[in-house]
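If you use this note's numbering, the sequence shown corresponds to residues 867 to 1223, in order. Working notes, beginning with the structure itself.
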Amino acid sequence: MNTLNVELGERSYPILIGTGLLHDADLLKKHIPGKQVLIVSNETVAPLHAKALLDALDDRQVHLISLPDGEKFKNLDTLNLIFTRLLELGFDRSCTLVALGGGVVGDVCGYAAASYQRGVKFVQVPTTLLAQVDSSVGGKTGINHPMGKNMIGAFYQPQAVLIDIETLDTLPERELKAGVGEVIKYGLGLDLEFLNWLENNVDAILGRDRDALAHAIEQSCAIKARVVANDERESGQRALLNLGHTYGHAIETHTGYSSWLHGEAVGAGLVMASDLALAEGMIDKVTADRCRDLVLRCGLPVAPPEDMNSERFLALMARDKKTLDNNLRLVLMTGAGQSVCTSNFSSKNLTQLIDNY
Ligand code: NAD
Ligand code: GLY
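So this is what it looks like as C-alpha cells:
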C-alpha cells in the first residue's frame, strides 16, 4: 500500500492506495471515524462493494443509502434523499458519511457532508478510475443544475481517501476509458515526464494491468495533492486541472448529462483546447498531435457532438466558473506538459475551430 498526503494544515488528510483495502477491516475502522456512519453509494456499486464496508464497520451504527445511478441524478432531489435518510436515522453532528462509488456519488455525498447540520465528516472510497485519479481528492463537492454543470457546491475536504484498485475489476470498459481522459490531462497540462510514461503505458492501463493502473493512480493523486495543497480554492494553479473541461462541461450540459460520460466530454475538450492552442501559436503541431493521438488511443471522442455550434458552446461556456468579469478563460497548453489559464486568445479562432469540426 502507498500513502500520500494532501497537506492542508489542520484539514490535511491521507490518500491510501492499494489492493484489497476494502477487505482490511482494521484499516477501514482506523480511517472511518464516528459511531454513526452512513455509507452513500448507488444501485450499481452497492451490490458489488458495500458488504465489505458494512461488515468491517459492524461495531458501529452503520447504514447504507443506495442512490439512483447516473450523472443525471447528480441533482438537488438526490441530495435531499441523503438529508432525509440522515434525519430519519436521527444522525447528529458526530456522524460520518462514506462515499462509495464514482465521481457522482463522491461529489453528491461530499456536498451532503458539507451541508448536513453545517458540516459533518466524510471519507471517500472511490470505485471508478476517474474518481480514484481525480474527483475523490481535493474537496470539490457539488451537484449540477439543468443550466450548468457543477454550478452548486462547496469546497469541503474529506477525512481520508481510501483507494482500492481491486474495485476496478468490476468497472465497465467504457468507464475505464473515460477515466483515462482525466489521467492524460495531468500529463498534457502539468507533467511532461508523466505524459511520456503515459504514451508508453496507455495500452497497459486499458488492459487493466495492475502495476500500470497503480502507477497512473499514484502519479495522478500526487500531482493533484500538490496542486490542491498550493491552491485549495482555485485562485491560480488549480485551474490548470480544468484542461479540456470548459468545452467538456458545455458538452455535458448540452447533452442533458445523459449520453456523454464526463471523461468522454473531457477527451473531446482536450483535443479542442489543443487545437485552439495550435491555432494561437502556443504549441506546435507535434504537441497538438500528441494530444489527439493519446485521446484517440483511449477510445475517447476527438470532436464535439454534431449538433453543437459555436453559438451554443459560447452560451454554455460563459457560465464556466473560471469566467471572470464576463471574460471567458480557458486552460490552454503552452507546450507538452505545460499549460496556462488565459483569456488571451482570438475569439475568431475559437468560433471558427468549433464550427469546423
Ligand atoms: P460515475 O460516478 O457516474 O460512475 C460511472 C459509472 O460506473 C456509474 O454507472 C457507476 O455506478 C459505475 N461504477 C462505479 N464504480 C463501479 C465499479 N467499481 N464497478 C462497476 N461499476 C461501477 O462517473 P465518474 O466517471 O466516476 O465521475 C464523473 C463525475 O465526477 C462527474 O459528475 C464529474 O463532474 C465529477 N468530477 C468531479 C471532480 C472533483 O474534483 N470533485 C473531478 C472530476 C470529475
Ligand atoms: N477536477 C478539477 C479540480 O479538482 O480542481
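Note that beta-carbon positions come from the ideal geometry of N, C-alpha and C, so glycine has one too. Model, not experiment: these values are computed from the prediction.
Residues bridged to residue i [DSSP beta-bridge criterion]
i, result
"aspartate 1075", "DSSP, once it has assigned bridges, lists no residue as partnering aspartate 1075."
"asparagine 1175", "Beta-bridge pairing links asparagine 1175 to no other residue."
"asparagine 1062", "In the DSSP output, where bridge partners are listed per residue, asparagine 1062 has none listed."
"threonine 869", "Leu882"
"glutamine 902", "Gln927"
"valine 1197", "Cys1207"
"valine 1027", "Ile881, Gln990"
"glycine 1019", "Gly1008"
"serine 907", "Ser932"
"leucine 1180", "Per DSSP, none; premise fails for leucine 1180."
"glycine 1014", "His1011"
"leucine 1190", "Asn1193"
Local Cβ density within 10 Å of residue i, reported as buried at 16 or more and exposed below that
i, result
"methionine 1138", "buried"
"glutamate 937", "buried"
"serine 1212", "exposed"
"glutamine 1218", "exposed"
"lysine 1151", "exposed"
"proline 1012", "exposed"
"threonine 869", "exposed"
"serine 1125", "exposed"
"methionine 1181", "For clarity, residue 1181 is alanine in the given sequence; the question names methionine instead. Exposed, by the Cβ-count rule."
"glutamate 876", "exposed"
"leucine 942", "exposed"
"histidine 897", "buried"
"leucine 893", "buried"
"glycine 1004", "buried"
"glycine 900", "buried"
"alanine 889", "For the record, residue 889 in the displayed sequence is histidine; it is not alanine. By the neighbour-count rule (16 or more Cβ atoms within 10 Å), histidine 889 is not buried but exposed."
"leucine 966", "buried"
"arginine 1076", "exposed"
"arginine 984", "exposed"
"serine 1002", "buried"
"asparagine 908", "buried"
"lysine 940", "buried"
"glutamate 954", "exposed"
"glycine 1047", "buried"
"alanine 997", "buried"
Beta-carbon proximity list for residue i, same chain, < 6 Å, skipping 5 on both sides
i, result
"alanine 1154", "Ser1140, Leu1144"
"lysine 1112", "Per the sequence shown, residue 1112 should be read as threonine rather than lysine. Hits under 6 Å: Met1183, Asp1186, Leu1196."
"threonine 1036", "Leu914"
"glycine 1203", "Asp1057, Leu1058, Leu1061"
"glycine 884", "Met867"
"threonine 950", "none"
"histidine 1081", "none"
"valine 1176", "A quick correction: the sequence has serine, not valine, at residue 1176. Contacts found: Thr1217, Ile1220, Asp1221."
"valine 1049", "Val999, Ala1082, Ser1086"
"serine 960", "Gly900"
"alanine 980", "Thr1007, Ala1020, Tyr1022"
"lysine 1214", "none"
"arginine 1163", "Val1068"
"leucine 923", "Val903"
Neighbourhood of residue i by C-beta distance below 7 Å, restricted to the same chain and skipping five residues each side
i, result
"proline 1121", "Before going further, note that residue 1121 is threonine rather than proline in the sequence given. Counting only Cβ-Cβ distances below 7 Å, and skipping sequence neighbours, we find Pro1171."
"threonine 1189", "Arg1195"
"leucine 874", "Gln1023, Ala1095, Glu1098"
"proline 1167", "Glu1130, Gly1133, Ala1134"
"threonine 994", "Gly968, Gly969, Leu1037, Glu1041, Gly1045"
"glycine 1110", "Lys1051, Val1132, Gly1135, Leu1136, Ala1139"
"serine 878", "Asn871, Val872"
"glycine 1201", "Ile1149, Thr1153"
"threonine 944", "Leu933, Pro934, Val974"
"arginine 1178", "His1120"
Within-8 Å CB hit, residue i to chain D
i, result
"valine 974", "No chain D appears in the structure shown, which is made up of a single protein chain."
Close beta carbons around residue i, own chain, < 8 Å, minus the five adjacent residues each side
i, result
"isoleucine 948", "Leu904, Val906, Ile931, Leu933, Leu963, Val974, Cys975, Ala978, Tyr982"
"asparagine 1016", "Asp973, Lys1006, Gly1008, Ile1009, Asn1010, His1115, Lys1187"
"leucine 1106", "Gly1055, Leu1056, Val1093, Val1197, Ser1205, Val1206, Cys1207"
"asparagine 1193", "Ser1209"
Near the ligand GTP: residue i beta-carbon under 7 Å from a heavy atom
i, result
"aspartate 1000", "For the structure depicted, the ligand GTP is absent and the ligand set comprises only the ligand NAD and the ligand GLY."
>> At 3 residues or longer, what runs of the beta strand (DSSP E) sit wholly inside the segment 914 to 999?
In response: Complete beta strand (DSSP E) runs here, min 3: 927 to 933, 962 to 967, 987 to 992.
>> To test your reading of the DSSP string, which unbroken alpha helix (DSSP H) runs of 4 or more residues are found completely within the segment 1084 to 1138?
In response: 1111 to 1120
> Could you give the uninterrupted runs of the alpha helix (DSSP H) lying entirely in the segment 1138 to 1172, keeping only those of 4 residues or more?
Replying inline: Within the segment 1138 to 1172, the complete alpha helix (DSSP H) runs of at least 4 residues are 1151 to 1163.
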